[in-house]
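Engineer:
Residue numbers (the working numbering): 243 to 730.
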C-alpha cells in the first residue's frame, strides 16, 4: 500500500515537470551588433518561441534603469514589446540600444530584457544584453588650418595644427611632429578630456630653397603609437637675384680689383662679365682667370654658371711697377754706359804716313789722344808707348816731349809725365818714327798704357787701341772701348 502511494507521487511530480517544461519559452539570438563606438546604436535580433501548447501573452521590457544618469545606456528599445504566441509559435523581436557617448572605451557594458507572460504566472525569463565600447580609431585627431600656399625664398611660412582629444580622459605626452624637406619641428602637449587645441608653427624658408612644390606632414603620437596624421603642400617661388661687388686696393703704381658676383637666388643662373681696358693699360693688366673669349671689340669676356649662394671671383691686377723698374734699369744702364764709355779717361792711338812708295812705308807719325771725360780731375798721369825694335823714333816730337826713353832687346819704351788733367781736358802726344827697312805688308804697333790717380788717389791703368802700318796704307785698329756703336 505504502509502496503504491510513493510510486503514485513520483508519477505526479514527473507529470508536473513535463507540463512546466512544455509551457516555457525559448530565446535564440539570430543576429547582433555589439561592438560599438560610444554614441553608436547596437542591435539584437532575437527569436522567441512558445515551447508549450498553451497560448502565451508575453510582455517584453527593457531594464528599468536605462536612461538614468547612473546608467551606461541612453536607451534600449524593444520592437515589438508585446506578442501573443500560440503553442509552438515563434516571433522575431528587435532590440535597439545606444551607449552613452561619455562611457569609457575598451570596456564591456551589460543590460537585459525580461519576458513575462500576462496569462501564465509560471512563465517569466530574463535575457542578458552586452556590448563592447571600442577604443577610438584615433585617440587624437589632427587637421591643418590657415595654410599658406605660396612663400618666397627667405620668407616664413606659418602653419596651424588643430588637434582633438577623442578619449573621455586626460592625455599626457602627446608628441606632435611637423616636417617636410625644408623644415622639421616637434611639440609635446597635454590634452584634457575632450579638449581641442591649435598649435602654431612658423618656419623660415632658406634663401637657397629650390623653387617648386613641397609637401609636409603633421603626425600625432600617443603612447608611442601613431594616432593621427594630416598632409599639406606649399609652393616656393623662383627668385633670380645676383649681386656684384668690386673691392679696389690701390698702391704705388698698381691697382688690384676683386670682382665678386654672387647668386643670391634659389635657382641656377648663367651670366657673363667683360672688361674694357685701355690699350696701354691692357699691356700691364693680368687676370686671375683666363677669359673664355674676346668680344667683337677685343675685350676679354668670362662666362660662368652659378648655383645658389655660389660666387664668381675675378682678380684684376694692373701693375705699372715693372715699367718703372724697366725705365730705371734703362736709365741706370745709360748712366753706366755714359760713365763707362763717355765719362771716363780715354787714350786713342793713330798713325799717319809721312813717306811711302810702292816698295813700302819708310816714315810715319804716331798720335796719342789722351782725354779726361770724367767730371773730376786726374793727377800723376804717366803715358808709356813701346815701339818695335825695327822702328826708330826721330827726335821730332810734338808739344810734349817724353820724360824718358829706354832701349831694350824688344824695342824702345817712351814715357810722358803729365801732372794733371782737369775735367774735359785733352792732350795730344805726337812723335815721328823711321822704319829701318821698307815695310812690306803690315806691322802692328803695341798699345799705349796710361796710369793715373783719381780723386780718391786710387791708381787706374788703361790701354789704348793698337795701330797697324800697312804697305801703302796706314791702318788703325780700334779697341773695343773706342769702337763706335753701329746701328742695327
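Glycine included, each C-beta is placed from N, C-alpha and C at the ideal position.
1) On a CA-only basis, which of 297, 405, 388 is nearest residue 361? Give me that one, please.
2) Looking at residue 534 and residue 547, is the spacing between their C-beta atoms short of 8 Å?
3) For the alpha helix (DSSP H) that residue 574 lies in, which residues bound it at each end?
4) Report the rounded CA-to-CA distance for residue 371 versus residue 292, giving the unit in angstroms.
5) By the 10 Å Cβ neighbour count, where 16 or more other Cβ atoms means buried, how is residue 576 classified, buried or exposed?
6) Could you give the distance in angstroms between the alpha-carbon of residue 705 and the alpha-carbon of residue 687?
7) Three-state secondary structure (DSSP) at residue 523?
8) With the cut-off set at 8 Å, would you say residue 658 and residue 625 are in Cβ contact?
9) Restricting to Cα atoms, I'd like to know which of 438, 358, 423 is closest to residue 475.
10) What did DSSP end up calling residue 419 once you bin it into helix, strand or coil?
11) Have a look at the DSSP bridge pairing and note the partners of residue 518.
12) Just list the beta strand (DSSP E) runs in the region 383-465, keeping only unbroken ones of 3 residues or longer that don't cross its boundaries, in chain order.
13) Since residue 295 is in the beta strand (DSSP E), which residue starts that stretch and which ends it?
14) Per DSSP, residue 493 is paired with what?
15) Which word fits residue 263, buried or exposed, when buried means at least 16 other C-beta atoms lie within 10 angstroms of its C-beta?
16) Quick one, are the C-beta atoms of residue 403 and residue 384 less than 8 Å apart?
17) Whose CA, out of 536, 549, 481, lies closest to the CA of residue 503?
18) Please name the residue or residues paired with residue 705 in a DSSP beta bridge.
19) Along the chain, where does the beta strand (DSSP E) containing residue 321 start, and where does it finish?
20) Suppose you measure from the CA of residue 519 to the CA of residue 563; what does that come to, to the nearest Å?
21) Would you kindly report the start and end of the unbroken beta strand (DSSP E) that includes residue 348?
22) For residue 381, which of helix, strand or coil comes out of DSSP?
23) Let's see if you can read the secondary structure: which residues bound the beta strand (DSSP E) around residue 657?
24) I'd like to confirm the pairing. Which residues does DSSP put opposite residue 328 in its beta bridges?
25) Select from 532, 482, 488 the residue whose C-alpha is nearest the C-alpha of residue 508.
Structural biologist: Quick look at the numbers:
1) 297
2) no
3) 563-579
4) 21 Å
5) exposed
6) 13 Å
7) helix
8) yes
9) 423
10) strand
11) Per DSSP, none; premise fails for residue 518.
12) 398-407, 413-422, 426-433, 438-446, 454-464
13) Premise fails: residue 295 is in no beta strand (DSSP E) and is neither H nor E.
14) 496
15) Note that residue 263 has pLDDT 39, beneath the 50 cutoff, so the model's placement of it is unreliable and the number below is only indicative. By the 10 Å Cβ count, residue 263 comes out exposed.
16) yes
17) 549
18) 691
19) 315-321
20) 18 Å
21) It is not in any beta strand (DSSP E) - residue 348 carries neither H nor E in the DSSP assignment.
22) coil
23) 653-663
24) Beta-bridge pairing links residue 328 to no other residue.
25) 482
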